[in-house]
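These protein sequence lines map, in sequence, to chains A and B. Okay, so the first sequence: first residue is 1 according to the numbering used here, each after it adds one. Okay, so the second sequence: first residue is 527 according to the numbering used here, each after it adds one.
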Amino acid sequence: MLDFPRWKVWLTWVAIVVCVLMAVPSLLPGTARNALPGWVPKPTVNLGLDLAGGSYLLLEGDVAQFRADRLDTMRETVRQELRGDPRIEIGDISIRDGNVSFMVRDASRVDAVRERLLPLLSNDNGQRDWDFDVVDTSRVVLTQTDSGIASAVDQAMGDATEVVRRRIDELGTREPTIIRQGSERIVVQVPGLGDPTELKDLLGRTALLEFKLVDTTADVAQTMQGIAPVGSEVLEMEDGTPIVVKRNAMITGDMLTKASQGYDQQTGAPVVQLTLNGAGTRRFARVTTEHTGEPFAIIVDDVVISAPRIDEPIIGGQARISGGFTVESANQLAIALRSGKLPIRLKVMDQSTVSPELGQDSINKGALASVLATVLVMAFMLITYFRFGVYSTVALIVNILMIIGIMGLFNATLTLPGIAGFVLTIGAAVDANVLINERIREEQRRGRGVLQSVEFGYKEATRAIFDANITNVIAAAIMFIFGSGPIRGFAVVLTIGIVTSVFTAVTFTRLMVSNWLKKRPKELVL
Amino acid sequence: MRPLKLVPENTNIDFLRLRTVFMAVSILLIVASIALVAIRGLNFGVDFAGGQMVRVTFAQPVPINQVRERIDGLGLGESAIQQFGDARDVAIRMPLPEGGAEATDEQGDQLRAFITTTWPGATIGSVDTVSGKVSEELFQKGALALALAMLAIAVYIWIRFEWQFGIGALFSLGHDVALTFGFFAITQLEFNLNIVAAILTIIGYSLNDTIVVYDRVRENLRKYRKMEIVPLLNLSTNETLARTIVTSLTLIIALATLVLVGPEVIFGFSVAMLLGIVIGTYSSIYIANPILIYAKVGPHSFVPPEAGPAGAERVKAKELP
Numbered sequence: 001m002l003d004f005p006r007w008k009v010w011l012t013w014v015a016i017v018v019c020v021l022m023a024v025p026s027l028l029p030g031t032a033r034n035a036l037p038g039w040v041p042k043p044t045v046n047l048g049l050d051l052a053g054g055s056y057l058l059l060e061g062d063v064a065q066f067r068a069d070r071l072d073t074m075r076e077t078v079r080q081e082l083r084g085d086p087r088i089e090i091g092d093i094s095i096r097d098g099n100v101s102f103m104v105r106d107a108s109r110v111d112a113v114r115e116r117l118l119p120l121l122s123n124d125n126g127q128r129d130w131d132f133d134v135v136d137t138s139r140v141v142l143t144q145t146d147s148g149i150a151s152a153v154d155q156a157m158g159d160a161t162e163v164v165r166r167r168i169d170e171l172g173t174r175e176p177t178i179i180r181q182g183s184e185r186i187v188v189q190v191p192g193l194g195d196p197t198e199l200k201d202l203l204g205r206t207a208l209l210e211f212k213l214v215d216t217t218a219d220v221a222q223t224m225q226g227i228a229p230v231g232s233e234v235l236e237m238e239d240g241t242p243i244v245v246k247r248n249a250m251i252t253g254d255m256l257t258k259a260s261q262g263y264d265q266q267t268g269a270p271v272v273q274l275t276l277n278g279a280g281t282r283r284f285a286r287v288t289t290e291h292t293g294e295p296f297a298i299i300v301d302d303v304v305i306s307a308p309r310i311d312e313p314i315i316g317g318q319a320r321i322s323g324g325f326t327v328e329s330a331n332q333l334a335i336a337l338r339s340g341k342l343p344i345r346l347k348v349m350d351q352s353t354v355s356p357e358l359g360q361d362s363i364n365k366g367a368l369a370s371v372l373a374t375v376l377v378m379a380f381m382l383i384t385y386f387r388f389g390v391y392s393t394v395a396l397i398v399n400i401l402m403i404i405g406i407m408g409l410f411n412a413t414l415t416l417p418g419i420a421g422f423v424l425t426i427g428a429a430v431d432a433n434v435l436i437n438e439r440i441r442e443e444q445r446r447g448r449g450v451l452q453s454v455e456f457g458y459k460e461a462t463r464a465i466f467d468a469n470i471t472n473v474i475a476a477a478i479m480f481i482f483g484s485g486p487i488r489g490f491a492v493v494l495t496i497g498i499v500t501s502v503f504t505a506v507t508f509t510r511l512m513v514s515n516w517l518k519k520r521p522k523e524l525v526l
Numbered sequence: 527m528r529p530l531k532l533v534p535e536n537t538n539i540d541f542l543r544l545r546t547v548f549m550a551v552s553i554l555l556i557v558a559s560i561a562l563v564a565i566r567g568l569n570f571g572v573d574f575a576g577g578q579m580v581r582v583t584f585a586q587p588v589p590i591n592q593v594r595e596r597i598d599g600l601g602l603g604e605s606a607i608q609q610f611g612d613a614r615d616v617a618i619r620m621p622l623p624e625g626g627a628e629a630t631d632e633q634g635d636q637l638r639a640f641i642t643t644t645w646p647g648a649t650i651g652s653v654d655t656v657s658g659k660v661s662e663e664l665f666q667k668g669a670l671a672l673a674l675a676m677l678a679i680a681v682y683i684w685i686r687f688e689w690q691f692g693i694g695a696l697f698s699l700g701h702d703v704a705l706t707f708g709f710f711a712i713t714q715l716e717f718n719l720n721i722v723a724a725i726l727t728i729i730g731y732s733l734n735d736t737i738v739v740y741d742r743v744r745e746n747l748r749k750y751r752k753m754e755i756v757p758l759l760n761l762s763t764n765e766t767l768a769r770t771i772v773t774s775l776t777l778i779i780a781l782a783t784l785v786l787v788g789p790e791v792i793f794g795f796s797v798a799m800l801l802g803i804v805i806g807t808y809s810s811i812y813i814a815n816p817i818l819i820y821a822k823v824g825p826h827s828f829v830p831p832e833a834g835p836a837g838a839e840r841v842k843a844k845e846l847p
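And the structure:
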């Protein structure tokens, strides 16, 4: 008990001083914190959205739609490929029941089809994405493999996360958190954002931009029935009127280098201005030269925004989308186009918004509860244990500062349940001291001297302290693994609190007690 | 002046005398709680039931009936309206409308617009929307977490002590959890994800008491190898009683502060923890201990005395002829 080795004393003090210093930036008001010189590290505790105010969105990739789109793409690929030289005649391609199937007119050419398609059925890593089967000697069935879908979804979600990040950054919000969760989800947290409507609109857009020529040969009556000539398709204008366009796009969104909101020089109406890259510019110049006088459609997410006439060849690589925009909607479209298209549609599954006022209110009340609880627990310990109560209360204060310091160090997030965890820790932190102190009392009753009682008290109580805290860590770990957001915050505070409280309540008080014991006290009132 | 001693020295309460009565009452309470949950059900928050929840702070206290009438007049579906905090704070919960995300957004916008125009000066504190799919997942995960935590802790006790102690801990944990559920079924306080966290915490902390008592039982089993189990359990409980009372009191002081002056949004959470601590203290004495009797714990449960505490050798030496 007395032989507290020098290195241990130093280590204890270093740990405490470092942790307490770490707590300082979190406790200073913002202005004072900013006044600190730049070289001073400023670890601070983050505030969760429930305390800082802001918006949370849980986005989920639309995998069903993604599968369907892949089928669609594969149908086009097969059609293109088999039409190539030498042409292989096939029947209609069906994409029902999650696979692509078609009849090869000449059954003896099924092997040729297989050879032609095989390279297209694997992804870049050589992994098989589609299974090739032949039914009834001449029907070819292409089925998406599960692993193929999974890796494609994974890739798409990874890219989508980047697109989401770019779009949110464009909104100019501060410190958004964008995390991929699981295989098909993205969590977005934007502190300070009071109304997520704009954000949701922005993220709900795929922003697939295409320029396609309008098919002027289409029959009006057939168009009304939704039937288009071969190589064309029927789309809708924004007001719902059908329009027939060529399937092949002359320009797509990936050929953009810039998109911004501007104004029409004549009418003053908001427009979206586009700048194309080299390949896009050359392509646009060639097509507009060949088709001067014909209309082309500007399509965003399969809706025709406008269909202007090509008055003259457009060779500068500049294009403009006009059509009933407000400044906001033009700006939003520009942002969406700039940030690239979402490779997979995202749906909002879960959202939550907390106003900064409510957050501030929670912080104030949480702080009040923490301070009051600390004072009451300290008073209770003092009247119950006198000298040893002083040690416990000093340890409690150090414990609180250490928790804040360590949270700051790890940049941990304090949430509303986290505050509750904090207050709970205040109540529980003294438990180890209570165990020790009660044990010392017992040993005294058995007639041991001061030194021996204290020594036994610490020694005998350690086992129970250890077991009791391990069970708490188990509960906290399970909360961390299964919990989300605020609950994780709670688990983190709880775990940090358990570790620091054992350290301060056992090691630190022991240090103080051993200092006192060196004076060889005759009596211990406990 | 003497330090405050809540438990007088040499306290010797025969805790286990009425063990059958207490066990019966506890089992009755467990059954009643389960029945209550089954019949009355829990008042699930949006995170488990799905739906939309809007927290509003009105400029002046508004009669809750008036709010309910007007919101119901909107025809957006069955609303659940509850006061929280002071008379100006109201939580409005709406079911998820049919028609997916867009319909939900529209419902939310409509509700918010209606509130701010009908009651000028009202501020919207928070809006939460949880889709049915996510809420189901959250519920399953929450239930799984509870079950796993209880099992993991029981296994830990079994490893550190003996299987009888593991059973005792598991049973008293089940007791605490069941009664907490029962409390939420009776009061119809909102049961949400936070409450699951509170219950997990209760599992961790209510076991603190049990472990302290068990630790002493183990120590005494090695020390007094000839003592009958009932007096030994009584002795252990009495010896640790002061600690149990003081620690429970510090926890109660801290949690009661949180309930009384802490943020309203986590009121249910704080109440759950406070209640859990009280129930946990009771169960560590009246549930965890009697089970050791039924499971026939005795000195033979800890055969190797070499591993015992300092006192063990002394007693062993005395026993030798």
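No residue lacks a Cβ here, since even glycine has one placed at the ideal position from N, Cα and C.
With 16 other Cβ atoms within 10 Å as the buried cut-off, status of residue i
{"i": "A:V40", "result": "exposed"}
{"i": "A:A150", "result": "exposed"}
{"i": "A:W7", "result": "exposed"}
{"i": "A:W10", "result": "exposed"}
{"i": "A:G268", "result": "exposed"}
{"i": "A:V354", "result": "buried"}
{"i": "A:V525", "result": "exposed"}
{"i": "B:E839", "result": "Note that B:E839 scores a pLDDT of 43, beneath 50, so its modelled location is shaky and nothing firm can be said."}
{"i": "B:E845", "result": "Low confidence applies here, because B:E845 scores a pLDDT of 43, under 50, leaving its location unreliable and the question unanswered by this model."}
{"i": "A:K518", "result": "exposed"}
{"i": "A:D311", "result": "exposed"}
{"i": "B:A836", "result": "Caution is warranted here: a pLDDT of 46 is assigned to B:A836, below 50, making its placement in the model unreliable, and no coordinate value can be reported."}
{"i": "B:P789", "result": "buried"}
{"i": "B:G688", "result": "Contrary to the premise, residue 688 of chain B reads as Glu rather than Gly in this sequence. B:E688 comes out buried."}
{"i": "A:M224", "result": "exposed"}
{"i": "B:I565", "result": "exposed"}
{"i": "A:V78", "result": "buried"}
{"i": "B:D540", "result": "exposed"}
Residue i: CB within 7 Å of a non-hydrogen atom of the ligand HEM
{"i": "B:G806", "result": "Only the bare structure without any ligand can be found here, which leaves the ligand HEM out of the picture."}
Beta-bridge pairing of residue i - partner residues as DSSP gives them
{"i": "A:I436", "result": "Note: A:I436 sits in no beta bridge, so no partner."}
{"i": "A:I299", "result": "A:E210, A:V304"}
{"i": "B:A617", "result": "B:R581, B:Q608"}
{"i": "A:E60", "result": "A:R185, A:K347"}
{"i": "A:G54", "result": "A:P191, A:V354"}
{"i": "A:I243", "result": "A:L235"}
{"i": "A:I90", "result": "A:V104"}
{"i": "A:N99", "result": "A:T143"}
{"i": "A:I321", "result": "A:V272"}
{"i": "A:Q360", "result": "According to DSSP, which records beta bridges pairwise, A:Q360 is partnered with nothing at all."}
{"i": "A:T252", "result": "A:E210"}
{"i": "B:R653", "result": "Per the sequence shown, the amino acid found at residue 653 of chain B is Val instead of Arg. Answer is A:T353, B:V580."}
{"i": "B:F717", "result": "B:F570"}
Beta-carbon separation (whole angstroms), residue i vs residue j, contact threshold 8 Å
{"i": "B:A814", "j": "B:T736", "result": "5 Å"}
{"i": "A:L414", "j": "A:G48", "result": "6 Å"}
{"i": "A:A297", "j": "A:V304", "result": "5 Å"}
{"i": "A:S306", "j": "A:G323", "result": "4 Å"}
{"i": "B:I728", "j": "B:M799", "result": "6 Å"}
{"i": "A:A373", "j": "A:G427", "result": "7 Å"}
{"i": "A:D129", "j": "A:L121", "result": "6 Å"}
Amino acids of chain B, ordered along the chain, whose beta-carbon sits closer than 8 Å to that of residue i
{"i": "A:Y391", "result": "Neighbours of A:Y391 on chain B: none; closest Cβ ~13 Å, over 8 Å."}
Under 7 Å by beta carbon: chain A residues contacting residue i
{"i": "B:I813", "result": "Chain A residues near B:I813: none, gap ~16 Å exceeds 7 Å."}
{"i": "B:Y731", "result": "A428, N472"}
Contact set between residue i and chain A, taken where Cβ atoms lie within less than 8 Å
{"i": "B:F795", "result": "P417, A420"}
Contact list for residue i against chain B, beta-carbon separation under 9 Å
{"i": "A:G483", "result": "K667, G668, A671, L719, V722, A723, L726"}
Item to check | Meets three-Cβ-pair contact criterion under 8 Å: the region 755-771 of chain B and the region 400-409 of chain A | outcome: Contact fails between the region 755-771 of chain B and the region 400-409 of chain A, because fewer than three Cβ pairs, one in each stretch, are under 8 Å apart.
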